[in-house]
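Okay, so the sequence shown: first residue is 63 according to the numbering used here, each after it adds one.
Using N, Cα and C, we set each Cβ at its ideal position, and we do this for glycine too.
Okay, so here's the structure we're looking at.
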Amino acid sequence: MMKINKMDTDAQMRAIILQKLIENGEGAQLQELLRAKLFECGWKDQIKAHCQDEFKI
């Protein structure tokens, strides 16, 4: 009997969820919501500042 690998199961579950989100159109809505929330909290500016510090740009 073959043992089910948790990573394989997780990957399969992610693939199923992604497929369902694409099929019902909610994937784009979630992506836009995430983009808006990250913008609101200044995530892009924080990452840019971090990269500049790390790479001394």
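Assigned with DSSP and collapsed to three states, G87 falls in coil, not helix or strand. Here the alpha carbons of I109 and L92 stand approximately 21 Å from one another.
Contact annotation, L80 with G87: C-beta distance approximately 13 Å; criterion of less than 8 Å not satisfied.
In this structure, the CA atom of K99 is about 34 Å from the CA atom of N67.
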